[in-house]
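Participant:
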Amino acid sequence: MDCPVRPLPTITLEQYGAIAGESARYIQEQFEMCYRSLDTPLPSAVTLALFDTMQRWQDYAAKRRAETGIITAGEEGFLATHDAWQGNPQINVCLERLLAHPALLQQGALHQVAAHSVLHGQAEYYRFMIPEAFVDLSQSRGMDLEILQQLLYFVALAIKGHEAVQFLVSHGFIQDQVALALYQLEANEDDTLLWEMARWDVRARFLYLAALLRPLLYTRPLLDHAPNLEQAGRLRLSHLPLEESKRLGRLVDTLAVRRRGDTHHDVTIALGLLLNML
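Basically this note's numbering = 1-based index in the sequence shown + 1311.
(1) DSSP beta-bridge partners for Ile1402?
(2) Would you decide whether Ser1355 is buried or exposed? Buried here means 16 or more other CB atoms lie within 10 Å of its CB.
(3) Please state whether the Cβ-Cβ distance between Ala1420 and Leu1409 is less than 8 angstroms.
(4) Hey, which unbroken runs of the beta strand (DSSP E) at 3 residues or more fall wholly within the segment 1484–1508?
(5) Who does Val1325 pair with in a DSSP beta bridge?
(6) Does chain B have any CB closer than 8 angstroms to the CB of Gln1366?
(7) Taking buried to mean at least 16 other C-beta atoms within 10 Å of its own C-beta, is Arg1570 buried or exposed?
(8) Using only CA atoms, which one of Leu1523, Glu1541, Met1454 and Gly1453 lies nearest to Val1489?
(9) Can you tell me whether His1427 is buried or exposed? The criterion is at least 16 other CB atoms within 10 Å of its CB, across all chains shown.
(10) DSSP three-state label for Thr1351, please.
(11) Does Met1508 pass the burial test, meaning 16 or more other C-beta atoms within 10 Å, or should it be called exposed?
(12) Mind checking which residues open and close the alpha helix (DSSP H) that includes Ser1481?
(13) Starting from Phe1445, follow the alpha helix (DSSP H) in both directions and report where the run begins and ends.
(14) So Ala1391 packs on Val1404, CB below 8 angstroms; how close in whole Å?
(15) Count the other CB atoms within 10 Å of the CB of Gln1450; is the residue buried (16 or more) or exposed (fewer)?
(16) What is the rounded straight-line gap between the Cα of Val1446 and the Cα of Glu1333?
(17) Within a Cβ cutoff of 7 angstroms, which residues of the same chain sit near Gly1328, ignoring the five residues on either side of it in sequence?
(18) CA-CA distance, Leu1491 and Ala1444?
(19) Between which two residues does the alpha helix (DSSP H) containing Thr1530 stretch?
(20) Do three or more CB pairs link the segment 1537–1552 to the segment 1572–1579 at distances below 8 angstroms?
(21) At the level of alpha carbons, what is the spacing between Phe1389 and Leu1448?
(22) Spatial neighbours of Asp1394 within its chain, please: C-beta separation below 6 angstroms, excluding the five flanking residues on both sides.
(23) Excluding the 5 residues flanking Ala1425 on each side, which residues of the same chain have their C-beta closer than 6 angstroms to its C-beta?
(24) In the DSSP assignment, the alpha helix (DSSP H) including Met1588 goes from what residue to what residue?
(25) Following the continuous alpha helix (DSSP H) through Leu1540, name the residue where it begins and the one where it ends.
(26) If we call anything under 8 angstroms between Cβ atoms a contact, is Gln1495 one with Pro1526?
(27) Between the Cα of Asp1502 and those of Leu1459, Tyr1464, Ile1485 and Leu1520, spot the shortest distance and give me the residue it belongs to.
What follows is the structure, given as structure tokens:
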């Protein structure tokens, strides 16, 4: 997987809480290995923030969102995150969460955010315009702008996640991404209850289904390498009514084939399809 020698990003390490030196080295080495394997222009610099506990990570993330005006939360449910809110790539890793999982899954999560730092390392990938027609459509369906912005967030996560895994697969990162895809498809014991609470309210229903786009779309570039992901995806939706599950599956299939590689275009198309198909 190694490519011709090219300058690696300068990684600025920030540590919050009690971080073991060997853990910090292991994580930094994973990023350096991943960057060496990519035959594409790399960011010149990346900030790597490590957190010893989930609580410390959440407190830090809440403070950064307040400072930058970000209105959507993103750390829940992730082993690591990436952003470029301030114009440069930043990767955030919670060791309490990451190191509780097998090594292959850890690597999958770290390589995923490394890919995001390459593909989505500028602030423009975190700023999306909502067409006026979508605002009107959502209002006609009983959803205010705040709900529409949250739907946009879920759609952008799904599209950028698909771009990241497709990029990694093209560079030979297969098994770690299969491990990550399976982890993202794991069911929650409260899924049935949450769906029953959401299904009768149009806003809650849209949000619930939109949140499933990311793990489902993430599997698509991996299906040729791991056909078991298709069954895992069906199981993830098994608590939904059959017609609801089929409709969501059709939407995911449509998103996978209609992407053209322009992130903003693809997010806009995906948001429109979501509003019209679900």
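Beta carbons are placed, not taken as given, at the ideal position from N, Cα and C, and that holds for glycine.
Facilitator: According to the structure shown:
(1) Answer by DSSP bridge pairing, in chain order: Leu1359 and His1393.
(2) Around the C-beta of Ser1355, fewer than 16 other C-beta atoms lie within 10 Å, and the residue is accordingly described as exposed.
(3) Yes, the Cβ-Cβ distance between Ala1420 and Leu1409 is below 8 angstroms.
(4) None, since the segment 1484–1508 contains no complete beta strand (DSSP E) of that length.
(5) According to the sequence displayed, residue 1325 carries Glu and not Val. Checking the DSSP bridge columns, you'll see Glu1325 partnered with Ala1360.
(6) In summary, chain B is missing from the structure at hand, where a single protein chain is found.
(7) Answer is buried; the Cβ neighbour count reaches 16.
(8) Taking Val1489 as reference, the option from Leu1523, Glu1541, Met1454 and Gly1453 with the minimal CA-CA separation is Glu1541.
(9) Classified as buried, His1427 has 16 or more neighbouring CB atoms from the shown chains inside 10 Å of its CB.
(10) If DSSP states are grouped into helix, strand and coil, Thr1351 belongs with coil.
(11) Its Cβ having fewer than 16 others within 10 Å, Met1508 is exposed.
(12) Run containing Ser1481: Leu1456 to Ser1481, per the alpha helix (DSSP H) assignment.
(13) Residues Glu1443 to Ser1451.
(14) Indeed they touch by this definition, with Cβ atoms about 4 angstroms apart.
(15) Gln1450 is exposed by the Cβ-count criterion.
(16) Annotation: Val1446 to Glu1333 spans about 49 angstroms, alpha carbon to alpha carbon.
(17) Cβ neighbours of Gly1328 beyond the five flanking positions: Phe1362, Asp1363, Thr1364 and Arg1367.
(18) So the two alpha carbons sit approximately 36 angstroms from each other.
(19) Judged by DSSP secondary structure, Thr1530 falls outside any alpha helix (DSSP H); it is assigned neither H nor E.
(20) Cβ pair count under 8 angstroms is below three, so no.
(21) Spanning the two alpha carbons is a distance of roughly 31 angstroms.
(22) Excluding residues up to 5 positions away in sequence, Gln1401 lie with their Cβ nearer than 6 angstroms to the Cβ of Asp1394 in the same chain.
(23) So the list reads Phe1342 and Cys1345, once near-sequence residues are dropped.
(24) DSSP places Met1588 inside the alpha helix (DSSP H), whose first and last residues are Thr1574 to Met1588.
(25) For Leu1540, the enclosing alpha helix (DSSP H) starts and ends at Asn1539 to Arg1547.
(26) Contact: yes.
(27) Closest in alpha carbon position to Asp1502, among Leu1459, Tyr1464, Ile1485 and Leu1520, is Leu1520.
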